[in-house]
Amino acid sequence: MWEKAQVTEAPNAEVHQFKTIGDIMKGLNPLSGKLYLDGLKMTRMPREAYSVLFGKYPHPQTVAKTGIKTEICATRQTRSAHRFWFAQFVRKQRKKRENKETCKRGELWKTKS
Numbered sequence: 001m002w003e004k005a006q007v008t009e010a011p012n013a014e015v016h017q018f019k020t021i022g023d024i025m026k027g028l029n030p031l032s033g034k035l036y037l038d039g040l041k042m043t044r045m046p047r048e049a050y051s052v053l054f055g056k057y058p059h060p061q062t063v064a065k066t067g068i069k070t071e072i073c074a075t076r077q078t079r080s081a082h083r084f085w086f087a088q089f090v091r092k093q094r095k096k097r098e099n100k101e102t103c104k105r106g107e108l109w110k111t112k113s
């Protein structure tokens, strides 16, 4: 089968730049294929966003073409809302602290000169 794939021309090769079916198969090899690695890059941001919202990323078996399969319940929705609100709270506190430190540094500078 591999020998046949290496000599069989791929349809629409001008679109995807893979001349043979064998080239496509090589591209799909886990951890080394170009298509596989490109797919990993494309899923990175959604995985990170999902982790922020729901605390962890599910097993790959629960990922579907149309998105991530999960059951939404009131508890899960409340937890994700709390994580989001807490992240906003932390950002605001950091900003306030930075503003206070900037003011203090400015006041110290004014008193010394």
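Going by our numbering, the sequence shown opens with residue 1, and the numbers climb by one from there.
Ideal placement from N, C-alpha and C gives every residue a C-beta, glycine not left out.
All values reported here derive from a predicted model rather than from experimental measurement.
Close-in-space but distant-in-sequence residues of the same chain around residue i (CB under 8 Å, 5 per side omitted)
{"i": "residue 10", "result": "16, 18, 19, 20, 21, 23, 24"}
{"i": "residue 90", "result": "none"}
{"i": "residue 8", "result": "20, 21, 22"}
Contacting residues, own chain, Cβ-Cβ under 7 Å from residue i (five flanking each side not counted)
{"i": "residue 29", "result": "36"}
{"i": "residue 6", "result": "20, 22"}
Cβ shell of residue i (< 6 Å), same chain only, five flanking positions each side left out
{"i": "residue 34", "result": "27"}
{"i": "residue 94", "result": "none"}
{"i": "residue 43", "result": "none"}
For residue j and residue i, the rounded distance between their alpha carbons
{"i": "residue 72", "j": "residue 92", "result": "29 Å"}
{"i": "residue 97", "j": "residue 86", "result": "16 Å"}
{"i": "residue 3", "j": "residue 75", "result": "54 Å"}
{"i": "residue 99", "j": "residue 88", "result": "17 Å"}
{"i": "residue 31", "j": "residue 84", "result": "33 Å"}
{"i": "residue 12", "j": "residue 1", "result": "21 Å"}
**Asked** How do the stretch 73 to 80 and the stretch 41 to 57 stand: do at least 3 beta-carbon pairs fall below 8 Å, yes or no?
**Response** yes
**Item:** Every unbroken alpha helix (DSSP H) inside the stretch 2 to 80 [4 residues or more]
**Value:** 2 to 7, 13 to 16, 21 to 27, 34 to 54
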